[in-house]
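Chemist:
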Amino acid sequence: MKKIIATLLAASMLCLSIVGCGGSKQDDVSTPEKTGTVDISNVKLIKEGTLTVGMEIGYPPFEDKAENGDPVGYDVDLVYAIADKLGLEVNIVDTAFDVIFAGIGTNYDCVVSAVTITDERRENCLFSDPYIDSYQAVVVKKGSNIKIESLKDLSGKSVGLQDATTSKALLEDMIGTGTVTDCKMVPSEKVLTVFTALDNGEYDVVLCDSPVADTYITNNPDTYELAFLDQENVEQFGVAMAKTDVDLQKAVNEAMKQLKEEGFFEENQAKWFA
Amino acid sequence: MKNSKIASFFKGLLSLFDVRKWERKSKIIAVVLLSLFVAATAFAFVKPSEQELMDSASQKIRSELKKDETRSRRQVAITYNDLYFINYASFSTSGVKGISEKYVGFAGSVHAADEGAWNVTGQFINYTYRMLGCGQSVLYGAKLTILLTTISIVCGLFIAVFLALGKISKNPIISLPCRAYIFFFRGTPLMIQIFCIYLAVPGIFEGFSWRSLFDNNDPEGVFKGAFVAACIAFVLNSAAYCAEIVRAAVESIDKGQYEAAKALGMSYGQTMSKIIIPQSARRMIPPVCNEFVMMIKDASLVFVIGLMDITTISKTISASGSYLVFIPALVIYLIITAFFTYIFGKIEKKFSVYE
Amino acid sequence: MSMIRTEHVSKKFGHLEVLKDVNLTVENGEVICIIGPSGAGKSTFLRSLNQLEMITGGKIFIEDELFLHREHDRTVDSIDKDKHKALMLEMGMVFQHFNLFPHKTVLENLMLAPMTVKGMNQTEIEPLARQLLEEVGLSDKADEYPSKLSGGQKQRVAIARALAMQPKIMLFDEPTSALDPELVGEVLNVMKKLAEEGMTMLCVTHEMGFAREVADKVVFMADGIIMEEGKPEELFNNPQNPRTKQFLQSIL
Chain A
2 MKKIIATLLA ASMLCLSIVG CGGSKQDDVS TPEKTGTVDI SNVKLIKEGT LTVGMEIGYP
62 PFEDKAENGD PVGYDVDLVY AIADKLGLEV NIVDTAFDVI FAGIGTNYDC VVSAVTITDE
122 RRENCLFSDP YIDSYQAVVV KKGSNIKIES LKDLSGKSVG LQDATTSKAL LEDMIGTGTV
182 TDCKMVPSEK VLTVFTALDN GEYDVVLCDS PVADTYITNN PDTYELAFLD QENVEQFGVA
242 MAKTDVDLQK AVNEAMKQLK EEGFFEENQA KWFA
Chain B
44 MKNSKIASFF KGLLSLFDVR KWERKSKIIA VVLLSLFVAA TAFAFVKPSE QELMDSASQK
104 IRSELKKDET RSRRQVAITY NDLYFINYAS FSTSGVKGIS EKYVGFAGSV HAADEGAWNV
164 TGQFINYTYR MLGCGQSVLY GAKLTILLTT ISIVCGLFIA VFLALGKISK NPIISLPCRA
224 YIFFFRGTPL MIQIFCIYLA VPGIFEGFSW RSLFDNNDPE GVFKGAFVAA CIAFVLNSAA
284 YCAEIVRAAV ESIDKGQYEA AKALGMSYGQ TMSKIIIPQS ARRMIPPVCN EFVMMIKDAS
344 LVFVIGLMDI TTISKTISAS GSYLVFIPAL VIYLIITAFF TYIFGKIEKK FSVYE
Chain C
109 MSMIRTEHVS KKFGHLEVLK DVNLTVENGE VICIIGPSGA GKSTFLRSLN QLEMITGGKI
169 FIEDELFLHR EHDRTVDSID KDKHKALMLE MGMVFQHFNL FPHKTVLENL MLAPMTVKGM
229 NQTEIEPLAR QLLEEVGLSD KADEYPSKLS GGQKQRVAIA RALAMQPKIM LFDEPTSALD
289 PELVGEVLNV MKKLAEEGMT MLCVTHEMGF AREVADKVVF MADGIIMEEG KPEELFNNPQ
349 NPRTKQFLQS IL
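Protein chains in written order, with the working numbering: chain A, 2 to 275; chain B, 44 to 398; chain C, 109 to 360.
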């Protein structure tokens, strides 16, 4: 019996070491040089030939996981399109959203994760040109008798939202200034938790970005409905980069310009938003 | 007989306040705490009032505040934190051109706290205020942590006694479910248990939501509901852990005690309740105290269902503010832990009087 | 009327046969000492009378009523539950290692069982408990915890505790074996006094002097059976069984 265990152990060690070697060997094999349409000779990347992207995977339709675990979504398609233009491989690093900005420049080159461009965030990082417009949306459970005519009507409601999002910053600001009163804000880590809890009846409303609201409502038309879309304040999503990374910003903007000319954005929008 | 028991319990409770019976160490602690309190009270008396702090706002802020009265969305966020002997106020508008003014009121004068030592002081006041959960509901900050852990350890221990006795039982119909329960709750992460109870239970029972346990018009209902779910998860989890503590303690009692009780004609229940459990209680206290301290820290897991404890609040603050926030967080944790360790030490002493 | 009678009592622990065929009758008011080498089954026999061990075969009668009848580790017949409990309460037991309840004071040790088992209230039992403590010479220790007492004092409390249930028969399982030699006397004195008061006693002991002086009958056990029984002077002075002779020679 002991012998068998020893053999098994040895065998598994061998397997592991082979796998390990295989991994490292792969790095040595130089991938055939990709060529892009944007000049990136000045751009310094964390890993040569690869665009490393920070992303919180769990915010459909922008970023989600396919059943095989691969990241999919609007932002993922965008990242691959941009990388294609830059002639780079893509490496996506899944990161919790509340710490995502701390890793720019060290863990990944840029963040593409439905990041709203805000003045506050601009103080710490660079943004590309906006790639999509988004509004704050208020979602309620289907058949709810809650009427929201402006964000002020969130007073006295319990509001579910995702942690570290602009929705939260906005609501915090409105509570801080007294624009809304007696409002109970419930932040959760994942947007899925927020919507499940809304369905369970724990919250009155959910505050989130309009594309996210659209997706959940489209996919579950019997469960959720849109109560209010804040069209006064448009939010724009952009690619976030390290404050000093001006060259990358230029390159990304150039790539997005080309993509725009090719009609990529309409296509991608049509693919992800019904 | 019951009455006399209750009376003696209160007598014991009262004797805690009898200073003559205290030990020297307790007396020193009490004197230090008392003098700190007196000093703080003295400062509290000469602290500037809220109105004085509000009046320090600059002309710019005042004009913004004036404009806010007619705006649909107000711009100026006013923060006022009162920490007994010191207070803090800030006015800020957001955006690139946002203005921000901070004031600390201490010892009779108002200090501008936009930079330097007063700025740090102001930040600490604000952080501490938020983490303690001042000006918030009971289910917020330090209050949430203390309430949640106390409820879970007390209820958990109560259930644990039955689980432990069940697990020891020779009857498989009783012992197997207890074993399975303990195996399950010790073998799965607490965070997933919280998730399951909060999200899956309402999914299974159509129409049930944790919030519906409370008045639907109660704005606090959403937190109360989540708290109940968290409490259930914590109680069930701590019951499993405490059951092992209880079992170990019960099994450490000499076999002779069972035999003596049996020879005197006592039933199993009488033996357990009068002989075995009281004796094992003392042996349970150190590991239960340990479990409790762990749980104080585990309480931060409630963030997954939207409740805010000390850790979660400090994390939130650090995301937008400064990492200095962790200093008051550590201090608050240490104070809570020290307090409960002290209490457990006292209880242990009380139980070990016969040794 | 006999207090206790056993017929063909046997007890196995797995394959180890500790009691083979034990037949013993204890008359009312009789003091019986059981002696014998270690491993003879003396303690096991005593404990099986008190149901601390379940016998594998044989019959036990208490006050001439069939208390328990077992064959091949199965209960053939037993007395009904209420009577069982009542009869159990008629036996008090004193252990080698005292087994006092350490978390209770001496007085509480005495009062606990009468209050919980018999449902007596404190005012009824306290005078009796105090009187018993006085009889064992420990009335000044009533409010001490057992940890503060010497071995001899502990054993006297244990005797008083058993007596507080007002039993008709007392079982002693090597009550002095765990004591320092100088403390043995005080315990034996208490037991002697008890015997003089007419208590029925069944006593496993190594104190031959005590057996000779106090016992009405001495029983010699070895290898799970009773080898010999008789009046103390007969058994000690003129043992019939060679095993008894051998044993007595080895200890004297």
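We treat Cβ as the ideally placed atom computed from N, Cα and C, and that holds for glycine.
(1) By the 10 Å Cβ neighbour count, where 16 or more other Cβ atoms means buried, how is Val140(A) classified, buried or exposed?
(2) Is the Cβ-Cβ distance between Thr224(A) and Asp200(A) less than 8 Å?
(3) Taking Lys128(C) as the reference, give the member of Gly144(C), Glu138(C), Gly149(C) with the closest Cα.
(4) With 7 Å as the limit, tell me which residues of the region 178-190 of chain C have their beta carbon closer than that to any beta carbon of chain B; keep them in chain order.
(5) By the 10 Å Cβ neighbour count, where 16 or more other Cβ atoms means buried, how is Asp61(B) classified, buried or exposed?
(6) Taking Cys141(C) as part of the beta strand (DSSP E), name the residues at either end of that continuous run.
(7) Counting only Cβ-Cβ distances shorter than 7 Å, please list the residues of the region 301-330 of chain B near chain C, keeping chain order.
(8) Starting from Lys145(B), trace the beta strand (DSSP E) in both directions and tell me its first and last residue.
(9) Helix, strand or coil for Thr216(A) per DSSP?
(10) Using the beta-carbon count (16 or more within 10 Å), is Asn220(A) buried or exposed?
(11) Got a sec? Which residues, its chain only, sit under 7 Å from Asp288(C) by beta carbon, not counting five neighbours each side?
(12) What does a CB cutoff of less than 6 Å around His116(C) pick up in its chain, not counting 5 residues either side in sequence?
(13) Go to Ile370(B), then tell me how far its alpha helix (DSSP H) extends in each direction, as first and last residue.
(14) Chain B partners of Thr224(C), CB-CB under 7 Å?
(15) Report the three-state DSSP secondary structure of Asp29(A) (helix, strand or coil).
(16) Between the region 208-219 of chain C and the region 172-189 of chain C, are three or more C-beta pairs nearer than 8 Å?
(17) Using three-state DSSP, classify Asn169(B) as helix, strand or coil.
(18) Using the beta-carbon of each residue, which ones in chain A are nearer than 9 Å to Gln94(B)?
(19) Output needed in chain order: residues of the region 112-146 of chain B with a Cβ under 9 Å from some Cβ in chain A.
(20) Would you mind giving the Cβ-Cβ distance between Val54(A) and Val94(A), rounded to the nearest angstrom? I have them listed as a contact below 8 Å.
(21) Find out if the Cβ-Cβ distance for the pair Ser135(A), Pro212(A) is shorter than 8 Å.
(22) Within this structure, are the beta carbons of Val331(B) and Cys285(B) separated by less than 8 Å?
(23) Can you list the beta strand (DSSP E) stretches of 3 or more residues lying completely in the region 218-282 of chain B, in chain order?
(24) When the cut-off is 8 Å and only beta carbons count, does Glu398(B) lie next to chain C?
(25) So for Asn131(C), helix, strand or coil by DSSP?
(26) Verify whether the separation of the beta carbon atoms of Leu242(B) and Thr194(A) is less than 8 Å.
(27) Is Arg254(B) close to chain A, meaning its C-beta is less than 8 Å from at least one C-beta of that chain?
(28) Below 8 Å, how does it come out for the region 302-318 of chain C and the region 138-148 of chain C: are there three or more Cβ pairs, yes or no?
(29) Can you pull the chain B neighbours of Ala198(A), defined as C-beta to C-beta under 8 Å?
(30) Chain A partners of Gly246(B), CB-CB under 9 Å?
(31) How many Å lie between Pro188(A) and Gly308(B) at the Cα?
(32) Please list the residues of the region 237-261 of chain C that have a C-beta atom closer than 8 Å to any C-beta atom in chain B, keeping them in chain order.
(33) What does a CB cutoff of less than 6 Å around Leu46(A) pick up in its chain, not counting 5 residues either side in sequence?
(34) Given a cut-off of 8 Å on the beta-carbon distance, is the pair Thr36(A) and Glu90(A) in contact?
(35) Thinking just about the alpha-carbon of each residue, which of Val244(C), Tyr253(C), Leu236(C) is nearest to the one in Ile267(C)?
(36) Counting contacts by CB-CB distance shorter than 8 Å, is Gly176(B) in contact with chain E?
Modeler: Taking the structure as given:
(1) The residue given as residue 140(A) occupies position 139 in the first sequence. Val140(A) should be labelled buried.
(2) For the purposes of this step, residue 224(A) is taken as the residue at position 223 of the first sequence. For the purposes of this step, residue 200(A) is taken as the residue at position 199 of the first sequence. Closer than 8 Å, so yes.
(3) Here residue 128(C) refers to the residue found at position 20 of the third sequence. It is Gly149(C).
(4) none
(5) Locating residue 61(B) in the second sequence gives position 18, counting from the first residue. That one is exposed.
(6) The sequence position of residue 141(C) within the third sequence is 33, counting from 1. Segment 139-143, the beta strand (DSSP E) holding Cys141(C).
(7) Glu302, Ala303, Lys305, Ala306, Leu307, Gly308, Met309, Gln313, Lys317, Ile318, Pro321, Gln322
(8) Here the question's residue 145(B) lines up with position 102 in the second sequence. Taken as a continuous stretch (DSSP letters only), the beta strand (DSSP E) holding Lys145(B) covers 143-149.
(9) Here residue 216(A) refers to the residue found at position 215 of the first sequence. Reduced to three states, the DSSP call for Thr216(A) is helix.
(10) Numbered from 1 along the first sequence, position 219 holds the residue referred to as residue 220(A). It is exposed - the Cβ of Asn220(A) has fewer than 16 other Cβ atoms within 10 Å.
(11) Walking along the third sequence from the start, residue 288(C) turns up at place 180. Answer for Asp288(C): Gly259, listed in chain order.
(12) Indexing the third sequence from 1 puts residue 116(C) at position 8. Excluding residues within five positions, the ones whose Cβ falls inside 6 Å are Asp129, Gly166.
(13) As a working note, residue 370(B) is residue 327 in the second sequence. Element bounds for Ile370(B): 369-394.
(14) The count along the third sequence starts at 1 and reaches residue 224(C) at position 116. Met309, Gln313, Lys317, listed in chain order.
(15) Taking the first sequence and counting its residues from 1, one reaches residue 29(A) at position 28. Any reading at Asp29(A) needs caution, since the residue's pLDDT is 41, under 50, leaving its predicted position unreliable; the model's value is listed next. In this structure, Asp29(A) counts as helix in the three-state DSSP scheme.
(16) no
(17) Residue mapping note: residue 169(B) aligns to position 126 of the second sequence, counting from 1. In the structure shown, Asn169(B) sits in a helix (DSSP, three-state: H, G or I).
(18) For the purposes of this step, residue 94(B) is taken as residue 51 along the second sequence, with counting starting at 1. The contacting residues do not exist; Gln94(B) stays about 18 Å from chain A at best.
(19) Arg114, Ser115, Arg116, Arg117, Gln118, Val119, Ala120, Ile121, Thr122, Ser135, Thr136, Ser137, Gly138, Val139, Lys140, Gly141
(20) Indexing the first sequence from 1 puts residue 54(A) at position 53. Indexing the first sequence from 1 puts residue 94(A) at position 93. Confirmed, about 7 Å.
(21) Counted from its first residue, the first sequence places residue 135(A) at position 134. Counted from its first residue, the first sequence places residue 212(A) at position 211. Yes, Cβ-Cβ distance for Ser135(A) and Pro212(A) is below 8 Å.
(22) Counting from one through the second sequence, the residue named residue 331(B) turns up at place 288. Counting from one through the second sequence, the residue named residue 285(B) turns up at place 242. Taking 8 Å as the Cβ cut-off, Val331(B) and Cys285(B) qualify as a contacting pair.
(23) none
(24) Mapped onto the second sequence, residue 398(B) falls at position 355. With 8 Å as the cut-off, Glu398(B) counts as an interface residue toward chain C.
(25) As a position in the third sequence, residue 131(C) is number 23, starting the count at 1. If DSSP states are grouped into helix, strand and coil, Asn131(C) belongs with the strands.
(26) Within the second sequence, residue 242(B) is the residue found at index 199, counting from 1. Within the first sequence, residue 194(A) is the residue found at index 193, counting from 1. Yes, they are a contact pair.
(27) The count along the second sequence starts at 1 and reaches residue 254(B) at position 211. Yes, because at least one Cβ of chain A sits closer than 8 Å to the Cβ of Arg254(B).
(28) yes
(29) On the first sequence, position 197 is the one that residue 198(A) refers to. Neighbours of Ala198(A) on chain B, chain order: Tyr241, Leu242, Ile348, Gly349.
(30) Taking the second sequence and counting its residues from 1, one reaches residue 246(B) at position 203. Those are Thr197, Asp200, Asn201, listed as they occur along chain A.
(31) The count along the first sequence starts at 1 and reaches residue 188(A) at position 187. The count along the second sequence starts at 1 and reaches residue 308(B) at position 265. Cα-Cα distance, rounded: 59 Å.
(32) Tyr253, Pro254, Ser255
(33) The residue labelled residue 46(A) in the question sits at position 45 within the first sequence. Excluding positions up to five away in sequence, the list reads Asp110.
(34) Translated into positions along the first sequence, residue 36(A) becomes position 35. Translated into positions along the first sequence, residue 90(A) becomes position 89. Their beta carbons are not under 8 Å apart, which means Thr36(A) does not touch Glu90(A) by this criterion.
(35) Within the third sequence, the letter at position 159 stands for residue 267(C). Of the candidates Val244(C), Tyr253(C), Leu236(C), the one whose C-alpha sits nearest the C-alpha of Ile267(C) is Val244(C).
(36) Chain labels in this structure do not include chain E; the protein chains are A, B and C.
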